[in-house]
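J.: Provided herewith is a single structure, encoded as structure tokens, for subsequent inquiry.
Protein chains: 2
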Amino acid sequence: MTLENKTPGCLMAAESAQCLEVFAKSVTQTVSGPIEMPNAIYTIARGSSDAAANILSYEFMRELGVPMTSLPPSVFSIGDGVAMAGCATLVISQSGASHDLVHSAEGAAKAGARVLALTNQENSAVEKVSDVTLPIDAGPELAVPATKSVVGAVAAGMALLSKLQPSYANRAQHAANAVGEMTLPHGQAAGLQAAFLRARHVYVIGRDTGYGAAHEVALKLKECCAIHAEAYSSSEVLHGPLQLATNPLMVLMLDTGLDDIQDSLDQAEARFRSVDCDVHRVRLSDLGGEAVTPAAAAAVLLAMLYPVILNTALALGLDPDMPETLSKVTKTT
Amino acid sequence: MTLENKTPGCLMAAESAQCLEVFAKSVTQTVSGPIEMPNAIYTIARGSSDAAANILSYEFMRELGVPMTSLPPSVFSIGDGVAMAGCATLVISQSGASHDLVHSAEGAAKAGARVLALTNQENSAVEKVSDVTLPIDAGPELAVPATKSVVGAVAAGMALLSKLQPSYANRAQHAANAVGEMTLPHGQAAGLQAAFLRARHVYVIGRDTGYGAAHEVALKLKECCAIHAEAYSSSEVLHGPLQLATNPLMVLMLDTGLDDIQDSLDQAEARFRSVDCDVHRVRLSDLGGEAVTPAAAAAVLLAMLYPVILNTALALGLDPDMPETLSKVTKTT
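As structure tokens, this is what we get:
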């Protein structure tokens with residue numbers, strides 16, 4: 001098979017089907033050597049990797065009690081950088097080759113940060129400038145839309161968290177086991193696909209790690225299906241963005257099952273239903289198996305939704321393996 | 001006049017017309033007492049205030065050389081918080097009354113952060129729990145969509161920056177003078193309004209402080225006009241989100257005039273034009289007057305675009321003063 005005469009979507013189909021297997025493998029990896037506890041962590045990533053970083057930031061903050069926030073790469077790529085003594089930078093990149101991320105990692109190191117990286121391709125430029133690199137270990141990823149490497153990045157981040165907070169390691173191991181018991185596809189898959197095909201405007205809603213997952217789902221709906229989907233937290237969306245619901249609007253709610261977010265999701269769901277939106281709430285618990293940590297739950301929700309997004313794209317006559325306007329590694333000025 | 005029988009949009013029209021005057025007043029305010037230089041600054045805000053925080057973060061990082069990033073309020077409102085010794089929190093809120101922001105400010109103070117606040121209403125709950133509060137000083141704001149208080153928040157933030165970095169104060173003063181020389185409306189206003197009326201999908205593109213302004217413009221297009229507009233940085237948008245351009249897509253580019261971002265904006269503009277998008281690039285330099293700092297430029301671009309968004313809403317038969325689904329102060333769970 002060459003890339004020219006392949007079946008549309010076959011790469012994304014094969015790669016996204018490996019998500020849970022990649023998760024279980026990557027989350028249980030052992031990290032050698034000591035890693036000093038940072039005062040703060042700054043994530044540097046773009047696109048789907050940035051969504052993985054967002055998922056991880058909620059989990060890290062909950063477990064470590066230190067701030068973990070997103071730093072725009074432009075601080076180092078077009079600016080002169082910021083002081084980062086005592087801090088760590090977490091760079092996430094499938095290829096590890098994006099020039100601006102390499103530049104940012106170098107800048108963070110010079111600014112005094114310990115540079116931690118999660119990359120899928122070995123011996124990458126990002127790895128070379130990092131103090132510690134954890135492999136995402138997803139195997140080669142050829143489709144333009146990243147799938148298993150995103151789920152794998154969340155898992156690798158959880159392995160890093162297990163190193164920084166050994167009491168978390170048991171829950172990471174438990175997530176690996178529980179994920180093995182879950183069954184895909186999700187029972188709502190056909191209904192979700194029909195809703196995506198009807199939709200012109202989509203809000204993907206989450207909170208905590210589900211908000212990070214919402215970013216990734218919205219991005220994939222744009223990238224694979226050319227559907228205008230936008231991510232919001234369930235709190236933020238009840239301000240100005242709610243007004244978009246005066247148009248036909250599909251609302252996809254990602255529920256990781258975390259107790260603390262149920263009120264917020266319930267409130268948003270009721271509000272969108274009251275203005276006649278097409279509301280779909282997917283719950284991790286629908287997949288069976290035991291409850292897992294919120295970051296693991298977000299990763300599994302992605303694994304569950306990727307095939308739905310792929311099938312929506314195919315129904316629309318699109319080949320998500322090779323979107324017409326995109327390439328796998330984008331050089332950013 | 002009562003709110004029931006008023007002319008649609010009259011509040012937003014009157015308030016947005018005061019933007020430049022509010023800017024000039026708020027940016028030159030004197031901040032009394034010493035403020036210790038923090039190791040890092042975390043912004044806590046929602047909606048339009050969060051856009052102002054994003055604008056300010058690029059300016060602060062450039063001038064102070066310390067990280068300034070956005071911390072989700074949920075870290076304190078649904079989580080147990082994070083350690084913030086040596087850091088500052090910048091809370092931005094028009095009303096200063098939102099419960100989750102008050103809770104976050106209290107949490108940050110307990111976590112060891114110095115709490116700085118920018119608020120418009122005096123003696124607010126946020127002010128009570130803050131170490132230092134700078135008034136946005138925009139006067140009463142009655143329309144649901146915030147306008148002059150957003151521009152004023154950027155200005156108050158610049159006044160705070162002048163206190164932390166006295167060498168910046170001259171540039172803040174210069175911005176106040178230069179803004180007085182600028183003339184609104186913008187020459188492209190009618191063309192932009194026509195483009196908004198035709199548009200179903202809009203990307204608002206910026207970089208650096210222009211990216212923060214893009215967030216605010218996209219939010220206002222949703223809130224006032226029910227148009228699905230989404231903000232992107234000119235680097236990020238050339239990855240997956242570009243694929244949305246296979247639909248009819250309006251692209252509004254906000255150019256603050258900063259030299260370092262011209263390549264990035266040029267590249268994005270060329271790319272969107274090559275796939276036949278309806279691209280509009282608005283430049284601060286179009287308004288006449290001298291160049292100002294990037295944060296001031298972003299604030300002026302907002303002042304310039306608010307009337308265009310208002311007129312678009314009115315042409316669509318909407319009353320942006322009182323969007324049907326919204327209220328001025330939202331209680332967030």
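For the record, the sequence lines run as chains A and B.
Take 1 as the starting number for the first sequence in the UniProt record's numbering and just add one per residue.
Take 1 as the starting number for the second sequence in the UniProt record's numbering and just add one per residue.
We put the beta carbon where it would ideally sit given N, CA and C, even for glycine.
#1: At a CB-CB cut-off below 8 Å, which residues of chain B make contact with threonine 42/A?
#2: If we count Cβ pairs, one from each stretch, closer than 8 Å, do we get three or more for the region 214 to 233 of chain B versus the region 168 to 182 of chain B?
#3: List, in chain order, every chain B residue whose beta-carbon is nearer than 9 Å to that of asparagine 120/A.
#4: Using a C-beta cutoff of 7 Å, does glutamate 230/B count as contacting chain A?
#5: Take alanine 53/B and list the residues in its own chain whose beta-carbon comes closer than 7 Å to its own, dropping the five residues that flank it on each side.
#6: Where does leucine 204/B fall in DSSP's three states?
#7: Assuming methionine 12/A and leucine 310/A make a contact with CB atoms under 8 Å, what is their CB distance in whole Å?
#8: For serine 74/A, which residues in chain B fall below 9 Å Cβ to Cβ?
#9: Going along the chain, which unbroken runs of the beta strand (DSSP E) with 3 or more residues stay wholly within the UniProt domain "SIS" (27 to 170) of chain A?
#10: Within 10 angstroms of its Cβ, does threonine 183/A collect 16 or more other Cβ (buried), or is it exposed?
#11: The alpha helix (DSSP H) spanning glutamate 269/A covers which residue range?
#12: Which residues in chain A have a C-beta closer than 9 Å to the C-beta of threonine 246/B? List them in chain order.
#13: Does the CB of valine 82/A have a neighbour CB from chain B at under 7 Å?
#14: Glutamate 269/A: buried (16+ other C-beta within 10 angstroms of its C-beta) or exposed?
#15: Taking three-plus beta-carbon pairs below 8 Å as touching, is the region 266 to 280 of chain B in contact with the region 27 to 39 of chain B?
#16: Cβ closer than 7 Å: which chain A residues qualify as neighbours of isoleucine 92/B?
#17: For chain B, check one thing: does any of its Cβ atoms lie closer than 7 Å to the Cβ of isoleucine 309/A?
#18: Which two residues bound the contiguous beta strand (DSSP E) that contains valine 308/A?
#19: Do cysteine 87/B and alanine 113/B have their C-beta atoms closer together than 7 Å?
#20: Is it buried or exposed for valine 217/B, if we count other Cβ within 10 angstroms and need 16 for buried?
#21: What are the boundary residues of the beta strand (DSSP E) that includes valine 251/A?
#22: Check whether the region 248 to 255 of chain A and the region 196 to 213 of chain A are in contact - that is, three or more C-beta pairs closer than 8 Å.
#23: Where does the unbroken beta strand (DSSP E) through alanine 229/B begin, and where does it stop?
#24: Kindly say whether arginine 62/B, judged by its beta-carbon, lies nearer than 7 Å to any beta-carbon of chain A.
#25: Quick one: Cα of leucine 244/A to Cα of lysine 222/B, how far?
#26: Kindly indicate which residue of Ala199/B, Ala138/B, Ala108/B and Ala189/B has the alpha-carbon position closest to the one of cysteine 277/B.
#27: On a CA-only basis, which of Phe23/A, Leu164/A, Gly152/A and Val282/A is nearest histidine 174/A? Give me that one, please.
#28: Quick one: what's aspartate 278/B bridged to in DSSP?
#29: Strictly under 7 Å for the Cβ-Cβ distance: is histidine 201/B near chain A by that measure?
#30: Do three or more CB pairs link the region 303 to 322 of chain A to the region 187 to 196 of chain A at distances below 8 Å?
#31: Using a cut-off of 9 Å between C-beta atoms, extract the partners of leucine 219/B located in chain A.
#32: Give the single residue among Gly139/B, Ala231/B and Met84/B whose Cα lies nearest to the Cα of alanine 109/B.
#33: Can you give the Cα-Cα distance for tyrosine 211/A and glutamate 290/B, rounded to whole angstroms?
#34: Under 7 Å between the Cβ atoms of alanine 195/A and histidine 99/A?
#35: My understanding is that proline 8/A touches leucine 314/A, with C-beta atoms under 8 Å, so please give their C-beta distance in whole angstroms.
T.: Let's see:
#1: Stepping through the first sequence from its first residue, residue 42/A is reached at position 42. Inspection of the sequence shows that residue 42/A is occupied by tyrosine rather than by threonine. Those within 8 Å of tyrosine 42/A in chain B are Pro67 and Thr69.
#2: no
#3: Stepping through the first sequence from its first residue, residue 120/A is reached at position 120. Correct list: empty, because the minimum Cβ distance to chain B is about 16 Å.
#4: Counting from one through the second sequence, the residue named residue 230/B turns up at place 230. Closer than 7 Å to some Cβ of chain A, the Cβ of glutamate 230/B qualifies, so yes.
#5: Position 53 of the second sequence holds residue 53/B. Once the five neighbours on either side are set aside, the close Cβ partners of alanine 53/B are Thr43, Ala45, Ser70, Leu90 and Ile92.
#6: Working through the second sequence from its first residue, we reach residue 204/B at position 204. The sequence shown places valine at residue 204/B, rather than the leucine named in the question. Of the three classes helix, strand and coil, the one that applies to valine 204/B here is strand, per DSSP.
#7: Position 12 of the first sequence holds residue 12/A. Position 310 of the first sequence holds residue 310/A. The pair is a contact, with the Cβ atoms about 5 Å apart (cut-off 8 Å).
#8: As a working note, residue 74/A is residue 74 in the first sequence. Those within 9 Å of serine 74/A in chain B are Tyr58, Arg207, Asp208, Tyr211, Ser233, Ser235, Asp260, Ile261 and Ser264.
#9: 41 to 44, 68 to 70, 88 to 93, 114 to 119 and 132 to 135
#10: Stepping through the first sequence from its first residue, residue 183/A is reached at position 183. Flag for threonine 183/A reads exposed.
#11: Taking the first sequence and counting its residues from 1, the one referred to as residue 269/A is at position 269. 262 to 274 is the extent of the alpha helix (DSSP H) around glutamate 269/A.
#12: Along the second sequence, read from residue 1 onward, the residue named residue 246/B stands at position 246. Per Cβ cutoff of 9 Å: Ala226, Leu318, Pro323, Glu324 and Thr325.
#13: As a first step, residue 82/A is located in the first sequence; it is residue number 82 there, counting from the start. Yes, its Cβ sits closer than 7 Å to a Cβ of chain B.
#14: Residue mapping note: residue 269/A aligns to position 269 of the first sequence, counting from 1. Buried is the label assigned to glutamate 269/A, since at least 16 other Cβ atoms lie within 10 Å of its Cβ.
#15: no
#16: Walking along the second sequence from the start, residue 92/B turns up at place 92. Those within 7 Å of isoleucine 92/B in chain A number zero; the least Cβ separation is about 14 Å.
#17: Counting from one through the first sequence, the residue named residue 309/A turns up at place 309. No, no contact with chain B.
#18: Counted from its first residue, the first sequence places residue 308/A at position 308. First-last for valine 308/A: 294 to 315, but that is the alpha helix (DSSP H), not the beta strand (DSSP E).
#19: Position 87 of the second sequence, counted from the start, is the residue given in the question as residue 87/B. Position 113 of the second sequence, counted from the start, is the residue given in the question as residue 113/B. Between cysteine 87/B and alanine 113/B, the C-beta gap is smaller than 7 Å, which places the two residues in contact.
#20: Here residue 217/B corresponds to residue number 217 of the second sequence, with the count starting at 1. Taking all protein chains in view, the Cβ of valine 217/B is crowded by 16 or more other Cβ atoms within 10 Å, so the residue is classified as buried.
#21: If you number the first sequence from 1, residue 251/A lands on position 251. First-last of the beta strand (DSSP E) with valine 251/A: 250 to 255.
#22: yes
#23: Position 229 of the second sequence, counted from the start, is the residue given in the question as residue 229/B. Element bounds for alanine 229/B: 228 to 233.
#24: Translated into positions along the second sequence, residue 62/B becomes position 62. So yes, arginine 62/B belongs to the interface.
#25: Sequence index remark: in the first sequence, residue 244/A carries index 244 (1-based). Sequence index remark: in the second sequence, residue 222/B carries index 222 (1-based). Rounded to whole angstroms, leucine 244/A to lysine 222/B spans 6 Å at the Cα level.
#26: Position 277 of the second sequence holds residue 277/B. That would be Ala199/B, whose Cα lies nearest to the Cα of cysteine 277/B.
#27: On the first sequence, position 174 is the one that residue 174/A refers to. Residue Phe23/A is the option with its Cα nearest to histidine 174/A.
#28: Along the second sequence, one-based indexing puts residue 278/B at 278. Paired residues: Met250/B.
#29: Your numbering for residue 201/B matches position 201 in the second sequence. Chain A, which has a Cβ nearer than 7 Å to the Cβ of histidine 201/B, makes this yes.
#30: yes
#31: On the second sequence, residue 219/B is found 219 positions in, with the first residue counted as 1. Residues of chain A whose Cβ lies closer than 9 Å to the Cβ of leucine 219/B are, in chain order, His239, Gly240 and Pro241.
#32: Here the question's residue 109/B lines up with position 109 in the second sequence. Among Gly139/B, Ala231/B and Met84/B, the Cα nearest to that of alanine 109/B belongs to Met84/B.
#33: Walking along the first sequence from the start, residue 211/A turns up at place 211. Walking along the second sequence from the start, residue 290/B turns up at place 290. Going by the C-alpha atoms only, they are around 41 Å apart.
#34: The residue labelled residue 195/A in the question sits at position 195 within the first sequence. The residue labelled residue 99/A in the question sits at position 99 within the first sequence. It is not a contact, given that the beta carbons lie outside the stated cut-off.
#35: Here residue 8/A corresponds to residue number 8 of the first sequence, with the count starting at 1. Here residue 314/A corresponds to residue number 314 of the first sequence, with the count starting at 1. Proline 8/A to leucine 314/A, Cβ: 6 Å. Contact.
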